[in-house]
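A.B. asks: Take this structure, written in structure tokens, and hold onto it; I'll ask about it next.
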Amino acid sequence: MARWLPRSTDLTRFCQKLNRVKTLEDDMMETSFNRCLSTIDLTLLGIGGMVGSGLYVLTGTVAKEIAGPAVIVSFIIAGFASLLAALCYAEFGARVPKTGSAYMFTYVSVGEIWAFLIGWNVLLEYMIGGAAVARAWSGYLDSIFNHKIKNFTETHVGAWQVPFLARYPDFLAAAILLVATAFISFGAKVSSWLNHVFSAISMGVILFILIMGFVLAQPKNWSTQEGGFAPYGLSGIMAGTATCFYAFVGFDVIAASSEEARNPQRAVPRAIAFSLGLATGAYILVSVVLTLMVPWHTLDPNSALADAFYRRGYAWAGFLVAAGSICAMNTVLLSNLFSLPRIVYAMAEDGLFFQVFSRVHPRTQVPVVGIVVFGLLMALLALVFDLEALVQFLSIGTLLAYTFVAASIIVLRFQQQKGDVPVPVAGSRPNPEPREGPSGSELKEYESFSDKLQLVDRDKSKEQREPGQLKAAFEPYLEFLSDFYPGEVVTVAVVTLMVSAICLCSILVFGNTHLHLPTWSYSLLLVLFSLGFLLSLLLIWVHEQQHSTQTFQIPLVPLSPALSIILNIYLMLKLSYMTWLRFAIWLLLGLLVYFGYGIWHSKENLREPQPQRVSARYVVFPGSSLEERVQAVQPSSQPATGLPDTDTDDCKR
Numbered sequence: 001m002a003r004w005l006p007r008s009t010d011l012t013r014f015c016q017k018l019n020r021v022k023t024l025e026d027d028m029m030e031t032s033f034n035r036c037l038s039t040i041d042l043t044l045l046g047i048g049g050m051v052g053s054g055l056y057v058l059t060g061t062v063a064k065e066i067a068g069p070a071v072i073v074s075f076i077i078a079g080f081a082s083l084l085a086a087l088c089y090a091e092f093g094a095r096v097p098k099t100g101s102a103y104m105f106t107y108v109s110v111g112e113i114w115a116f117l118i119g120w121n122v123l124l125e126y127m128i129g130g131a132a133v134a135r136a137w138s139g140y141l142d143s144i145f146n147h148k149i150k151n152f153t154e155t156h157v158g159a160w161q162v163p164f165l166a167r168y169p170d171f172l173a174a175a176i177l178l179v180a181t182a183f184i185s186f187g188a189k190v191s192s193w194l195n196h197v198f199s200a201i202s203m204g205v206i207l208f209i210l211i212m213g214f215v216l217a218q219p220k221n222w223s224t225q226e227g228g229f230a231p232y233g234l235s236g237i238m239a240g241t242a243t244c245f246y247a248f249v250g251f252d253v254i255a256a257s258s259e260e261a262r263n264p265q266r267a268v269p270r271a272i273a274f275s276l277g278l279a280t281g282a283y284i285l286v287s288v289v290l291t292l293m294v295p296w297h298t299l300d301p302n303s304a305l306a307d308a309f310y311r312r313g314y315a316w317a318g319f320l321v322a323a324g325s326i327c328a329m330n331t332v333l334l335s336n337l338f339s340l341p342r343i344v345y346a347m348a349e350d351g352l353f354f355q356v357f358s359r360v361h362p363r364t365q366v367p368v369v370g371i372v373v374f375g376l377l378m379a380l381l382a383l384v385f386d387l388e389a390l391v392q393f394l395s396i397g398t399l400l401a402y403t404f405v406a407a408s409i410i411v412l413r414f415q416q417q418k419g420d421v422p423v424p425v426a427g428s429r430p431n432p433e434p435r436e437g438p439s440g441s442e443l444k445e446y447e448s449f450s451d452k453l454q455l456v457d458r459d460k461s462k463e464q465r466e467p468g469q470l471k472a473a474f475e476p477y478l479e480f481l482s483d484f485y486p487g488e489v490v491t492v493a494v495v496t497l498m499v500s501a502i503c504l505c506s507i508l509v510f511g512n513t514h515l516h517l518p519t520w521s522y523s524l525l526l527v528l529f530s531l532g533f534l535l536s537l538l539l540i541w542v543h544e545q546q547h548s549t550q551t552f553q554i555p556l557v558p559l560s561p562a563l564s565i566i567l568n569i570y571l572m573l574k575l576s577y578m579t580w581l582r583f584a585i586w587l588l589l590g591l592l593v594y595f596g597y598g599i600w601h602s603k604e605n606l607r608e609p610q611p612q613r614v615s616a617r618y619v620v621f622p623g624s625s626l627e628e629r630v631q632a633v634q635p636s637s638q639p640a641t642g643l644p645d646t647d648t649d650d651c652k653r
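No gaps in the numbering here: position 446 of the sequence shown is 446 in UniProt numbering, and each next residue is one more.
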């Protein structure tokens, strides 16, 4: 029976495979894509991903049903919360200018299986998101023509009464997705140009809404006679914040496009900052004019802006609003279809997904197979499925990606840079092995004199501590932490921080409702998990981190990513249990794909170190000066037949 149990070495090797990180190329600007996108192109892509139908629908819904005119405050808080996640994406996009977005960022810092699961969830997120926007686009256009398209389809095709299927097949939604797929397959430049056109029309309509809205504004609509500015109080503002947060989830298209940016180190952070700032300003200002034009409690949640202009006597303005809404939804469709194939390409290029999706068309320089296949799948979803029950799935996939990217920022910031590690000579061991000398002092074992010379250079610069090492100021008080490898304590602290955040948010969300905890135990658990979170944060902070002036870095690390982590986890726990159940099923399917294909075809398998033969080693006896004694010894892999006669003399540098 015992012989069937796996050995500890096999389990260790298996866990190492699951957590291996991606090895980046020396020249990260080299790519098979066309680097043709400027900062303006990336900014408009980000705006197109964020300012969609939510501007025309979400503002009215939150204002009437959740927060009242205080929806303005909800958007301000949601914009700030999104900024924390956006800054993490900006640093990674500038530092790792490769396509793949959250998948790639997790792969280079956390581990392979976590990266695959993030990419797997983002894949479904984009598919459902694109199909849902296409159905919203179809429904909005159908409402302009008094639902003639819907009535014609139900009459001549028929209506369905099947769970998880739509009431009728939406041919218009499928058609717009197929047309968008065709345009995306022509290349990044064509996609960018098309996005420019729709974004320009959308921003022109928004500018018209703001000018006309402020002209028609009536401050009395915020008065106490109409219910006041915050009729639902602080709880309504925070509930509105959770809903408004999802209006800003489109900025990751910029990070997914970084491999096609001309100068990603500068363009990606700027584009994320500009697009998020403009989108936040648009949502806030539109909320202001909407709640000032008409009383908030009389808004039509389905078409708040068009209805507000109609009630103020400007029915013609409703057509402009409809045109702006359709153009805004077109930019979101383009954003989804632009990002999804590139993330699939990144996974296939790394060997974790089917290799056919890693093919890039030689003329258009885009992953045309992924674009066509997933465009067809997205059109099929929009054609026959009822997506209302699956829309909440978008939230959990996005929030999980944000959480892992924030954690990856902390891990990567406290790791050694690639250039900090000495490059080993062929046939030599990259790391010295400590041994014990005759007097009990520590000996360092080297395989060549070049390694010995590197030791001297490193000893000279010992005052400059490497990232991940304990800061000199805290070494007298936390000396026991100096025995760990650089970054090891930080990695454990990040795991502890995330566990503490999950427990803390669980108590906040379920403590009084589902768990029915007494007041004393509720307070005690809050204090304990808060202390665990803060202590983990402090433990990370007392270590050295990388300080680079070449690319953008998020300020206040590890505080900023930690705040993003706890906020994202809190919002995930606020989702329904059915969303978590569907999420678990999708994760199981992803694990089947990974263990059935990805783990065996991963390109990191080819980079695993192979055993090397060594002719001789050198043991360095520490001395009080640069003069040290070097003694040749036999490699551990060879039988001990005595030391060679050569190289046994004392050596001086």
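For every residue, glycine included, the Cβ atom is placed at its ideal position computed from N, Cα and C.
These numbers come from a predicted model, not from an experiment.
How about A239 and I66: are their beta carbons less than 8 Å apart?
C.D. replies: yes
A.B. asks: Run through the DSSP bridge pairs and tell me what L470 is partnered with.
C.D. replies: H543
A.B. asks: Return the chain-ordered list of same chain residues with a C-beta closer than 7 Å to the C-beta of W541, the five sequence neighbours on each side being excluded.
C.D. replies: P558
A.B. asks: CB-CB under 8 Å to P97, same chain, minus the five flanking residues each way: which ones, in chain order?
C.D. replies: M28, M29, S258, E259, A261, P264, Q265 and V268
A.B. asks: Quick check on the DSSP output: the alpha helix (DSSP H) that includes W193 runs from which residue to which?
C.D. replies: A188 to V215
A.B. asks: Figure out for me which residue from L84, V373, S358 and L517 has the closest Cα to the Cα of K603.
C.D. replies: For K603, the nearest C-alpha among the options comes from S358.
A.B. asks: With a Cβ-Cβ cutoff of 8 Å, do T291 and N221 count as a contact?
C.D. replies: Between T291 and N221, the CB-CB gap stays under 8 Å.
A.B. asks: Just the Cα atoms here: how many angstroms apart are M572 and F245?
C.D. replies: So the two alpha carbons sit approximately 12 Å from each other.
A.B. asks: Name the two residues that bound the continuous alpha helix (DSSP H) containing C503.
C.D. replies: Per DSSP, C503 belongs to the alpha helix (DSSP H) from E488 to F510.
A.B. asks: Going straight from the alpha carbon of K17 to that of M347, what length do you get?
C.D. replies: 16 Å
A.B. asks: Please report the distance separating the alpha-carbon of Y89 from that of G100.
C.D. replies: 11 Å
A.B. asks: Please classify C15 as buried or exposed, where buried requires at least 16 other C-beta atoms within 10 Å of its C-beta.
C.D. replies: exposed
A.B. asks: Considering only the beta carbon of each residue, do L387 and A102 sit closer than 8 Å?
C.D. replies: In this structure, A102 does not lie closer than 8 Å to L387 by Cβ.
A.B. asks: When you compare each of C327, I326, A306 and I502 to A317 by their alpha carbons, which one comes out closest?
C.D. replies: A306
A.B. asks: Where do the ends of the alpha helix (DSSP H) carrying Y107 lie?
C.D. replies: A102 to Y107
A.B. asks: Report the rounded CA-to-CA distance for M212 versus G236, giving the unit in angstroms.
C.D. replies: 28 Å
A.B. asks: Is the stretch 365-384 touching the stretch 72-85 in the sense that three or more CB pairs, one from each, lie closer than 8 Å?
C.D. replies: no
A.B. asks: Suppose the cutoff is 7 Å on Cβ atoms and the five residues either side in sequence are ignored; what does the same chain contact list for V157 look like?
C.D. replies: Y168 and P169
A.B. asks: Once DSSP output is grouped into helix, strand and coil, what is the label at F385?
C.D. replies: strand
A.B. asks: I need the boundaries of the alpha helix (DSSP H) containing V593, first residue and last residue.
C.D. replies: Y577 to V593
A.B. asks: What residue range does the alpha helix (DSSP H) around N568 cover?
C.D. replies: L559 to L573
A.B. asks: Leaving out the 5 sequence neighbours to the left and right, which residues in its chain are closer than 6 Å to L340 when beta-carbon positions are compared?
C.D. replies: Y126 and F374
A.B. asks: By the DSSP assignment, the alpha helix (DSSP H) with S275 in it spans what residues?
C.D. replies: P264 to M293
A.B. asks: Below 8 Å CB to CB, which residues in the same chain sit around S32 once its five sequence neighbours on both sides are set aside?
C.D. replies: Excluding residues up to 5 positions away in sequence, V360 and Q365 lie with their Cβ nearer than 8 Å to the Cβ of S32 in the same chain.
A.B. asks: With 16 other CB atoms within 10 Å as the buried threshold, where does R13 fall?
C.D. replies: exposed
A.B. asks: Taking Q552 as the reference, give the member of L117, I409 and L37 with the closest Cα.
C.D. replies: The sequence given here places Phe at residue 552; Gln does not occur at that position. Selected option, being the one with the closest Cα: I409.
A.B. asks: Going along the chain, which residues of its own chain have a beta-carbon closer than 8 Å to the beta-carbon of I149, five neighbours each way excluded?
C.D. replies: Cβ within range, chain order: S138, L141, D142 and L172.
A.B. asks: In the DSSP assignment, find the unbroken alpha helix (DSSP H) run with T224 in it and report its ends.
C.D. replies: Unbroken run through T224: none, as it is neither H nor E.
A.B. asks: Determine the burial state of R95: buried for a count of at least 16 other Cβ atoms within 10 Å of its Cβ, exposed for fewer.
C.D. replies: buried
A.B. asks: Could you tell me if L334 is buried or exposed, where buried requires 16 or more neighbouring beta carbons within 10 angstroms of its beta carbon?
C.D. replies: buried
A.B. asks: Contact between the stretch 186-200 and the stretch 32-45 is defined here as three or more beta-carbon pairs at a separation below 8 Å; is this criterion met?
C.D. replies: Contact between the stretch 186-200 and the stretch 32-45 is established, with three or more Cβ pairs separated by less than 8 Å.
A.B. asks: Return yes when the Cβ of V332 is within less than 8 Å of the Cβ of G590, no when it is not.
C.D. replies: no
A.B. asks: How close, in whole Å, do the beta carbons of Q469 and E544 come, if the pair is a contact with beta carbons under 8 Å?
C.D. replies: So it is a contact: roughly 5 Å between Cβ atoms.
A.B. asks: For T181, tell me which candidate among I326, V372 and A271 has the shortest Cα-Cα distance.
C.D. replies: V372
A.B. asks: Only counting the same chain, and skipping five residues up and downstream in sequence, which positions put a Cβ closer than 8 Å to that of I565?
C.D. replies: Result list for I565: T403, A406, A407, L497, M498 and A501, in chain order.
A.B. asks: Using alpha carbons as the reference points, say which of L124, I40, V21 and F116 lies closest to F393.
C.D. replies: L124
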